[in-house]
Structure formats: C-alpha cells, structure tokens
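*Asks:* Letter by letter, the sequence shown follows residues -28 to -1, 1 to 452 of mature numbering (1 follows the signal peptide of the UniProt record, and there is no 0).
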Amino acid sequence: MNRAVRRLRSLPLRSRLALLVAAAVAFAVTAAAVACWFVVKNVLVNSLDDALRANRMTTQQVAGYVDLATGLCAHESTPREPNLFNSSVQLLDDQGKSCLIIGTERVTLTDADRAVAERRSDEALHDATGSDGTPYRVFTYTVRGLPKVAVSAARPLSEVDGSLNNLALVLVFVAGAGVLGAGAAGLWVARAGLRPVDELTRAVEHVARTEDLAVRIPVDEDSEDEIARLSRSFNTMTASLAGSRDLQQQLIADAGHELRTPLTSLRTNIELLTRSEETGRPLPEADRAALLASVKAQMTELATLIGDLQELSRPDTGQHAGRTRILAWHDVVESALRRARLRGPELTFTADVRPWYVRAEPAALERAVVNVLDNAVKFSPRGGTVDVRLADGALTVRDRGPGVPAEDLPYVFDRFWRSPQARALPGSGLGLSIVARTVHQAGGEVALTRAGDPEGGTVATIRLPGAPTPPPGPAADGGA
C-alpha cells in the first residue's frame, strides 16, 4: 500500500488528477451498474412471481388429477411434454406425497410447500432446484374445495438469468467505456486546469534563472478562483521584489555618492598632512589645526552617515517588534531638547511639553525627535527662536528659517534628498527619512509644512497614538 502511494505521488500532477478522476468515475459507474443489476433482477423476479400467481389452476382443472380414494393423482405420474414456458406443476398433500401433472422435471419441495398443503399458510414463494439441477422459481398455493391438497407451480429462473447476463454484459461494456472516457476527460481537464500552473512554473523558473523580476502572468481580473489568486499573488510578489531591488540599488548608488564627497575631502586633507611630514616642510600651525579640525568634522560626518544607513537598512516591520514598549514621550522630548540646546546655544527654545504615553522603540523615537530638532537648529538664523509643543499626541517644532519651497515639500522625506538651501550645510539627507520611518512604525503620522505667518519658517508635526496617562500594568519607561 505504501509503495503504491509513493508511486502515485511520484507521478506528475496532471497524471494524478487524471487517475483520480478515472478512479472516481469508475467507482461511481461500478456502483451504479451493480445497483442497476440488482434493481432489474428484483423487477424480473417480481414479474415472474406475478406471472405464476396469474396462472393459478382452477378447482375443475385440479380435480381431474385427484383420486378421491387415494387423495392424489388418479394415475401414476409420467413425464409430460414440455410446455411453452418449460414450467412444471406438481400436486402435494399433507402427507408429503406429490405427483407431477405438467412438465418434465420434478422440483424439490420444501417444508414451506407442505405447510400450504396442511393449510398452515395460504401460499409460498421460493427458489428451488429441479431434478436435473435447473434452478426454478416455485409458487405453491391452495385450491378451494380440495382440502389437504396444494398446487406447486414452478418456472425456470433461466428466464431471469438470461436477461440478467445480457444486462451484465451491457453494463460492463458501458462501464468500461465510461471509465476510459473519464480517464481521457480527466487528462484533458487536468491539462486545461493546470495550464496557468504551468505558466506560473515557467515564470518562476525564468525568474530563478535570469533574476528578471519584470515577468508578469496574465490574469483575468474578474476571476476569483485559486489559480487567479495565486497568479495575482505571484505578480504582487515579483513587483514588490522588483521595487525592493530598485530601492536597494538606489540606496547603494545614493550612499556611494554621499560617501564620495567626505572621503575625497578626508583623503585630500590627510595627503596634505602626510606630504608636509614627508617633505620636512611642516604646515603653519594655524593651517595644520584647520586641517585637523576638517578631518575630525569629516570623520564625524562619515560616522553619522554610516549610522543613518544602518538605521535605514533595518527591516520595516517584524524583526524589532520586541523592542517596543510603553514610553513617556514627554520625557523623550525633554531629553532631545537638552541635546538641541547644546547644539544651538545662540537660539531660544520655547517648550510646552505635556504628558503623553506611546508605544515605540525608545532609541528610535528619541533619534527621530532629535533629527527634527537638529533640522530646526540647522536652518534657524542666529538668535532665532524654536517653538516646541507636545499636546494631545501631537509634537510640533517650528523654526524661523528660510522654510522649504512649496514645490520641494513632497520630497522632504525621500532618502538623500536635500533642498538647494541645505546642500552647503552638513548632513546626509537621511534625517527626515529616518523620522518618517520611525513614526510610521509606531503607527503615527509626520508632516512638514511652511509656517503661515509673516515670521516664516517651517513647522514639523509628528502625531502618535497614545494617552495622557500610562496604561495599567508595568510602569512606563521614563526615557530612552
């Protein structure tokens, strides 16, 4: 059995489907043929029984064979000439004596027949065997006016068996043709039904061989069957993979472009310092100090850029879900404000921070707030004011800088995008991308708009779902 199952599983899917269809049809046809055979047999036997009942002998017909002295046949029974139906009629009494009055073959009588002769029952119907071994259908009945005498009429079952044998041959032929037709139809249906699977298989093999993610499988948009859903899922998967690969290549290209500038400047400064040492002509102290400061700034810029790239390389969801917890967002904002004041000591910060608790990753959320404040510090004029307000789950940071042109606002959260005003300033163009990513992971929204009053500037708004009080349970984290 196990070997047969393994052999079946080793066949192609369309062959298995064709075999299963053929087997199912064969079972159904066989069951129907067997049921039909038994129904027809029952009908034919009932018809034979009705014919035996309809041909009862009358009292006058039976009386001629009864001897009043002996109670049975007037003369010793001798075989009669065969009749039309090759039937046989016998008389029997309550003593078990019988005689053949019609036909050529005696039929073995049973206790049921003697019970009729003894008037313990009115009639009996059963199968019996003739003296030559021929099967008969026997009907035994009583005759009015002749007590203790019964008539047993029998007709050969060959009338039924011949029709049943012919019917069996017809059913076998029809069943065989049906099974063969079902097998052919199953093979055709399997081929037609699995054609989309074949197309999908070829597409997957093509992608695996060529890494061409532009392959799409034609799908009927109105269809909702499993094949259509599978094809749509494959197209969605390849489109997502293609988009992911394009973003990855774009990230690599942009990262290479951003890394090239500080690396070139860093190499130039180091070469100048090295050459001054090799030639024995030291640089003036002021120039040397300026070069070292430039090298330090460029290394800091590289470290920041690498950190931003690492942050963006993290998966968007799933992998870091276990790092999130309930945070006091107002404490995170206060911590970020302290760092911002150190970076912009000449600026004035106004803060209105009210309690708000959110679920997020502590380090990522503080980095996002710090990035927003750094942007405000970077673009604020000397002696300017930065307004920070946290209320009802919305953090707004407003500066008085030149603002972002309206045509550039759709791109401010793109990776490596920098406005023309910011290209001369330090930075990688990844800060706001990291902010948008972090806020979206926490289930919030972020927007950057131009201030609507004459003072100008930019307003950054971050909204996160949460509550002004911590939820019951473990204490919320107080900071990052």
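Using N, Cα and C, we set each Cβ at its ideal position, and we do this for glycine too.
I need the DSSP call for Pro382, collapsed to helix, strand or coil.
*Replies:* Stepping through the sequence shown from its first residue, residue 382 is reached at position 410. Residue state, collapsed to three classes: helix.
*Asks:* Taking DSSP's pairing of strands, which residues face Glu417 in a bridge?
*Replies:* The residue you call residue 417 lines up with position 445 of the sequence shown. DSSP output for Glu417 lists Arg435 as bridge partner(s).
*Asks:* In chain order, what residues of the same chain have a beta carbon less than 7 Å from the beta carbon of Gly117, not counting five sequence neighbours either side?
*Replies:* Here residue 117 corresponds to residue number 145 of the sequence shown, with the count starting at 1. These residues qualify, in order along the chain: Thr31.
*Asks:* Looking only at its own chain, which residues have a Cβ that is under 6 Å from the Cβ of Ile434, when we skip the five neighbours before and after it?
*Replies:* Counted from its first residue, the sequence shown places residue 434 at position 462. Around Ile434: Leu367, Val411, Val418.
*Asks:* Whether or not the stretch 11 to 18 and the stretch 120 to 138 are in contact is what I'm after, with contact meaning three or more pairs of Cβ atoms, one per stretch, closer than 8 Å; do they touch?
*Replies:* Because the criterion of three Cβ pairs below 8 Å is met, the stretch 120 to 138 and the stretch 11 to 18 touch.
*Asks:* Looking only at C-alpha atoms, which of Asp94, Ser103, Arg92 sits nearest to Glu77?
*Replies:* Here the question's residue 77 lines up with position 105 in the sequence shown. Measuring from the Cα of Glu77, the nearest candidate turns out to be Ser103.
*Asks:* Could you give the first and the last residue of the continuous beta strand (DSSP E) run that contains Ala87?
*Replies:* As a first step, residue 87 is located in the sequence shown; it is residue number 115 there, counting from the start. Here Ala87 belongs to no beta strand (DSSP E); instead the alpha helix (DSSP H) covers 83 to 89.
*Asks:* Taking Arg370 as part of the beta strand (DSSP E), name the residues at either end of that continuous run.
*Replies:* Reading the sequence shown from its first residue, position 398 is the one you call residue 370. 366 to 370 is the span of the beta strand (DSSP E), which, as asked, contains Arg370.
*Asks:* Quick one: is Ala432 buried, meaning 16 or more other Cβ sit within 10 Å of its Cβ, or exposed?
*Replies:* To locate residue 432, count along the sequence shown from 1; it is residue 460. Counting Cβ neighbours within 10 Å, Ala432 comes out buried, since at least 16 surround it.
*Asks:* Just tell me which of Phe206, Val360, Glu177, Ala149 has its CA closest to the CA of Val191.
*Replies:* Position 219 of the sequence shown holds residue 191. If we check each option's Cα against that of Val191, Phe206 comes out closest.
*Asks:* What separation, rounded to the nearest whole angstrom, lies between the Cα atoms of Gly290 and Ala180?
*Replies:* Against the sequence shown, residue 290 aligns to sequence position 318. Against the sequence shown, residue 180 aligns to sequence position 208. Legend: pLDDT at Gly290 = 44, less than 50; position of this residue unreliable, no value from coordinates given.
*Asks:* Over what stretch of residues does the alpha helix (DSSP H) that includes Asp170 continue unbroken?
*Replies:* Residue mapping note: residue 170 aligns to position 198 of the sequence shown, counting from 1. Segment 167 to 182, the alpha helix (DSSP H) holding Asp170.
*Asks:* Taking the C-alpha atoms as reference points, what is the distance between Val267 and Leu235?
*Replies:* Here residue 267 refers to the residue found at position 295 of the sequence shown. Here residue 235 refers to the residue found at position 263 of the sequence shown. One C-alpha to the other measures close to 10 Å.
*Asks:* Using beta-carbon positions only, say whether Ala125 and Arg28 come within less than 9 Å of one another.
*Replies:* Residue mapping note: residue 125 aligns to position 153 of the sequence shown, counting from 1. Residue mapping note: residue 28 aligns to position 56 of the sequence shown, counting from 1. Yes, the pair counts as a contact, with Cβ atoms nearer than the cut-off.
*Asks:* Buried or exposed for Asn18, please, with buried defined as at least 16 other CB atoms from any protein chain shown within 10 angstroms of its CB.
*Replies:* Residue 18 sits at position 46 when you count from the first residue of the sequence shown. By the neighbour-count rule (16 or more Cβ atoms within 10 Å), Asn18 is not buried but exposed.
*Asks:* At the level of alpha carbons, what is the spacing between Arg409 and Leu402?
*Replies:* Taking the first residue of the sequence shown as position 1, residue 409 is located at position 437. Taking the first residue of the sequence shown as position 1, residue 402 is located at position 430. Rounded to whole angstroms, Arg409 to Leu402 spans 11 Å at the Cα level.
*Asks:* Exposed or buried, which one is Ala447 when buried takes at least 16 other CB atoms within 10 Å?
*Replies:* Indexing the sequence shown from 1 puts residue 447 at position 475. Only weak support exists for where Ala447 lies, its pLDDT of 47 falling under 50; the value from the coordinates is given anyway. The residue in question, Ala447, is exposed, as its Cβ has fewer than 16 Cβ neighbours within 10 Å.
*Asks:* Give the C-beta separation of Val1 and Gly158 to the nearest angstrom, bearing in mind that I take them to be a contact with Cβ-Cβ under 8 Å.
*Replies:* Locating residue 1 in the sequence shown gives position 29, counting from the first residue. Locating residue 158 in the sequence shown gives position 186, counting from the first residue. In fact, because the Cβ distance is near 13 Å, the residues do not count as touching under 8 Å.
*Asks:* Would Gly450 be called buried (16 or more neighbouring beta carbons within 10 Å of its own) or exposed?
*Replies:* Reading the sequence shown from its first residue, position 478 is the one you call residue 450. Unreliable positioning characterises Gly450 in this predicted model, as indicated by a pLDDT of 44, which lies under 50. A coordinate reading is not provided.
*Asks:* In the stretch 54 to 141, which residue ranges form an unbroken beta strand (DSSP E) of at least 3 residues, counting only runs that do not cross its ends?
*Replies:* Those beta strand (DSSP E) runs which fall completely within the stretch 54 to 141 and span 3+ residues are 60 to 65, 70 to 74, 95 to 101, 107 to 114, 121 to 128.
*Asks:* Three or more C-beta pairs under 8 Å: does that hold for the stretch 296 to 306 against the stretch 322 to 332?
*Replies:* The stretch 296 to 306 vs the stretch 322 to 332: in contact.
*Asks:* Which of helix, strand or coil does DSSP assign to Leu(-9)?
*Replies:* Stepping through the sequence shown from its first residue, residue -9 is reached at position 20. It is helical.
*Asks:* Can you tell me the Cα-Cα spacing of Asp65 and Ala140, whole angstroms?
*Replies:* Residue 65 sits at position 93 when you count from the first residue of the sequence shown. Residue 140 sits at position 168 when you count from the first residue of the sequence shown. Distance between the alpha carbons of Asp65 and Ala140 is about 41 Å.
*Asks:* With DSSP as the reference, identify every bridge partner of Tyr329, one or two as the case may be.
*Replies:* Taking the sequence shown and counting its residues from 1, the one referred to as residue 329 is at position 357. DSSP lists Ala300, Ala439 as partners of Tyr329.
*Asks:* I believe Leu20 touches Arg127 by the beta-carbon criterion, under 8 Å. Please report the beta-carbon distance rounded to the nearest angstrom.
*Replies:* Within the sequence shown, the letter at position 48 stands for residue 20. Within the sequence shown, the letter at position 155 stands for residue 127. Contact holds; Cβ gap of about 6 Å.
*Asks:* Need the endpoints of the alpha helix (DSSP H) that Asp346 sits in, please.
*Replies:* Taking the sequence shown and counting its residues from 1, one reaches residue 346 at position 374. Start and end: 334 to 351.
*Asks:* Look at the alpha carbon of Pro382 and the alpha carbon of Thr421, and state the distance between them as a whole number of angstroms.
*Replies:* Position 410 of the sequence shown holds residue 382. Position 449 of the sequence shown holds residue 421. Those two C-alpha atoms are separated by around 10 Å.
*Asks:* Going by CA-CA distance only, name the one from Ser203, Met271, Ser130, Ala7 that's closest to Leu143.
*Replies:* Here residue 143 corresponds to residue number 171 of the sequence shown, with the count starting at 1. Ranking Ser203, Met271, Ser130, Ala7 by Cα distance to Leu143 puts Ala7 first.
*Asks:* State the DSSP-derived secondary structure class of Asp324, mapped to helix, strand or coil.
*Replies:* Start at 1 with the first residue of the sequence shown, and residue 324 comes out as number 352. Strand, per DSSP.
*Asks:* Confirm the yes/no value for this check: CB of Asp94, any heavy atom of the ligand GDP, distance under 8 Å.
*Replies:* Because no ligand of any kind appears in the structure shown, any question about the ligand GDP cannot be addressed here.
*Asks:* Less than 9 Å between the beta carbons of Ala378 and Ala348, yes or no?
*Replies:* As a first step, residue 378 must be located in the sequence shown, where it is residue number 406. As a first step, residue 348 must be located in the sequence shown, where it is residue number 376. Cβ atoms of Ala378 and Ala348: not closer than 9 Å.
*Asks:* DSSP three-state call for Leu319: helix, strand or coil?
*Replies:* Walking along the sequence shown from the start, residue 319 turns up at place 347. Residue state, collapsed to three classes: coil.
*Asks:* In angstroms, rounded to a whole number, what distance separates the CA positions of Val115 and Ala100?
*Replies:* In the sequence shown, the residue the question calls residue 115 occupies position 143. In the sequence shown, the residue the question calls residue 100 occupies position 128. In a straight line, the C-alpha of Val115 is about 22 Å away from that of Ala100.
*Asks:* Exposed or buried, which one is Ser352 when buried takes at least 16 other CB atoms within 10 Å?
*Replies:* Taking the sequence shown and counting its residues from 1, one reaches residue 352 at position 380. When all chains shown are included, Ser352 counts as buried.
*Asks:* If Leu24 and Arg92 are in contact, beta carbons under 8 Å, what's the gap, nearest whole angstrom?
*Replies:* Mapped onto the sequence shown, residue 24 falls at position 52. Mapped onto the sequence shown, residue 92 falls at position 120. At roughly 20 Å, the Cβ-Cβ gap does not stay under 8 Å, so Leu24 and Arg92 are not in contact.
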